[in-house]
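Here's the structure, in structure tokens; my notes come after.
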Amino acid sequence: MQNAKIHKNHFYVSAPLKNGIGRYVCQLQRVTLKFCKTRGDSKGIRDFIESYLVDYAKSNPGVVVYLKPRRHRPAMLTMEFLNGERHELSCCQFDGFTVGQFLNLYTKCSGRQESRLINVQYTNHPSIQGPWTPWTNRNPEMAVADLIHDKKWREMYNKAPSATEMVLEMFKQQQISNQIQIEEKQAE
Amino acid sequence: MVFLSVMRQVGFRFTGTHRGPDKFWRRRRFFKMTAHFVGRKRNCFRIAIKYVHRAMVFATKDRKLRKETVRDLWETRLEGACMEHNFTRKLLMDSLSRHNVLLNRKSLSNLAIWEPRTFQSLMNIAWVTAAQERIRGADGLGPAPKNVFVPQIEDEVD
Numbered sequence: 000m001q002n003a004k005i006h007k008n009h010f011y012v013s014a015p016l017k018n019g020i021g022r023y024v025c026q027l028q029r030v031t032l033k034f035c036k037t038r039g040d041s042k043g044i045r046d047f048i049e050s051y052l053v054d055y056a057k058s059n060p061g062v063v064v065y066l067k068p069r070r071h072r073p074a075m076l077t078m079e080f081l082n083g084e085r086h087e088l089s090c091c092q093f094d095g096f097t098v099g100q101f102l103n104l105y106t107k108c109s110g111r112q113e114s115r116l117i118n119v120q121y122t123n124h125p126s127i128q129g130p131w132t133p134w135t136n137r138n139p140e141m142a143v144a145d146l147i148h149d150k151k152w153r154e155m156y157n158k159a160p161s162a163t164e165m166v167l168e169m170f171k172q173q174q175i176s177n178q179i180q181i182e183e184k185q186a187e
Numbered sequence: 000m001v002f003l004s005v006m007r008q009v010g011f012r013f014t015g016t017h018r019g020p021d022k023f024w025r026r027r028r029f030f031k032m033t034a035h036f037v038g039r040k041r042n043c044f045r046i047a048i049k050y051v052h053r054a055m056v057f058a059t060k061d062r063k064l065r066k067e068t069v070r071d072l073w074e075t076r077l078e079g080a081c082m083e084h085n086f087t088r089k090l091l092m093d094s095l096s097r098h099n100v101l102l103n104r105k106s107l108s109n110l111a112i113w114e115p116r117t118f119q120s121l122m123n124i125a126w127v128t129a130a131q132e133r134i135r136g137a138d139g140l141g142p143a144p145k146n147v148f149v150p151q152i153e154d155e156v157d
């Protein structure tokens, strides 16, 4: 596998093709048991074939079981899935029961490749009220607010006098002081 | 061959004898971890091995650090969310715990991001509680929000 693909092999929890929501379809298509009739490695798989295999086949009618006795070859289990994936498991030195356990495991697998679970939690709708934006807690009146002339906003945001007001104030004071000077001169 | 011992001493490079298992697979184990590196450290083994070892050491150490960093992030987010309403995170946590609302920093910061109105309601409850119980720091905040019903906290009977 390419190095780049290793880090892209991840998934959120999901059922492939929504399997199980309606009818559940077993994703395991066929199972091939390859073994040797005499080799010691295959003892477990031979035990499995004698004791457990028929029960397994009866309880999983959707799975086709093939047996491949091959002289002097190691014991192998080949699983093929409905999506075309194939998984091979070496059963050398396995116990008969262990072979059955692995077979049960693969019966419940989807054919998806082994991948890393990103998170157990997943949702398509993380927010009901709408996620936070910079305008969530802002007053929409601010869009048309006159911060200079409107008294309501002046009290809240803009208490200091504007330059125009300061100049007007200075002019008034000047007028008053001029008036006072005139009156003082007249008094004299 | 007569001089086998000499040839073995000279080493693999000059004789071409195969010493052990195929080194391609041993090196591939490390190259799997260098896919996101830049430059020669991604593809040249003797350079990559140093950086892979360091990366693994960082990963080990930072497992603890990640928990601290993420906790700090939650606290910063909560502080920001509270500041929008002129409240403080400490008062929020304190007041909510007095009502046995045991939401942790993670849950609260998630609410602040994804359910801002719910977060505001929780904060209002905390504010009114802080004003009623006269918790330190509640004085300088300004008037508590109106139309918020908060049940009285009963003192524990010893």
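Heads up: the protein sequence lines correspond to chains A and B, in order.
When we follow numbering that gives the first Met the number 0, the leftmost residue of the first sequence carries the number 0, and every step to the right adds one.
When we follow numbering that gives the first Met the number 0, the leftmost residue of the second sequence carries the number 0, and every step to the right adds one.
Every residue gets a Cβ at the ideal spot worked out from N, C-alpha and C, and that includes glycine.
Nearest-angstrom Cα distance between residue i and residue j?
i, j, result
"Asp93(B)", "Pro133(A)", "27 Å"
"Lys22(B)", "Ala54(B)", "22 Å"
"Pro160(A)", "Ile147(A)", "9 Å"
"Arg69(A)", "Ser58(A)", "27 Å"
"Asn123(B)", "Ile112(B)", "17 Å"
"Met0(A)", "Val100(B)", "Bear in mind that the predicted position of Met0(A) carries a pLDDT of just 48, short of 50, making it too unreliable to give a figure here."
"Thr163(A)", "Ile134(B)", "45 Å"
"Asn136(A)", "Pro130(A)", "12 Å"
"Leu81(A)", "Gln28(A)", "6 Å"
"Gly43(A)", "Leu52(A)", "12 Å"
"Ser41(A)", "Arg26(B)", "33 Å"
"Leu110(B)", "His84(B)", "15 Å"
"Ser114(A)", "Lys7(A)", "9 Å"
"Arg39(B)", "Arg45(B)", "10 Å"
"Ala144(A)", "Lys105(B)", "37 Å"
"His71(A)", "Arg38(A)", "6 Å"
"Gly110(A)", "Trp73(B)", "39 Å"
Could you confirm whether any beta carbon from chain B is found closer than 7 Å to the beta carbon of residue i?
i, result
"Ser126(A)", "yes"
"Leu88(A)", "no"
Are the C-beta atoms of residue i and some chain A residue less than 7 Å apart?
i, result
"Arg116(B)", "yes"
"Ile48(B)", "no"
"Glu83(B)", "yes"
Output the boundary residues of the beta strand (DSSP E) element that contains residue i.
i, result
"Glu187(A)", "Run containing Glu187(A): none; DSSP gives neither H nor E here."
"Phe80(A)", "75-80"
"Val64(A)", "63-68"
"Ser89(A)", "85-89"
"Lys33(A)", "27-34"
First and last residue of the alpha helix (DSSP H) that includes residue i?
i, result
"Phe118(B)", "115-132"
"Gln100(A)", "95-106"
> Between the region 66-81 of chain A and the region 23-38 of chain A, do three or more beta carbon pairs fall short of 8 Å?
Replying inline: yes
>> Short of 7 Å Cβ to Cβ, which residues in the region 127-159 of chain A face chain B?
In response: Ile127, Gln128, Pro130, Trp131, Thr135, Asn136
> Is it a yes or a no for the region 112-132 of chain A touching the region 10-17 of chain A, going by three-plus beta-carbon pairs under 8 Å?
Replying inline: yes
> Would you call the region 86-104 of chain A and the region 79-93 of chain B in contact, with 3 or more CB pairs under 8 Å?
Replying inline: no
> Taking one C-beta from the region 151-169 of chain A and one from the region 134-152 of chain B each time, how about it: are there three or more such pairs within less than 8 Å?
Replying inline: no
> At a cut of 8 Å, does the region 43-51 of chain B reach the region 25-32 of chain B through at least three beta carbon pairs?
Replying inline: yes
>> Please identify, using Cβ separations under 8 Å, the residues of the region 87-119 of chain B that lie next to chain A, in order along the chain.
In response: Ala111, Ile112, Trp113, Glu114, Pro115, Arg116, Thr117, Gln119
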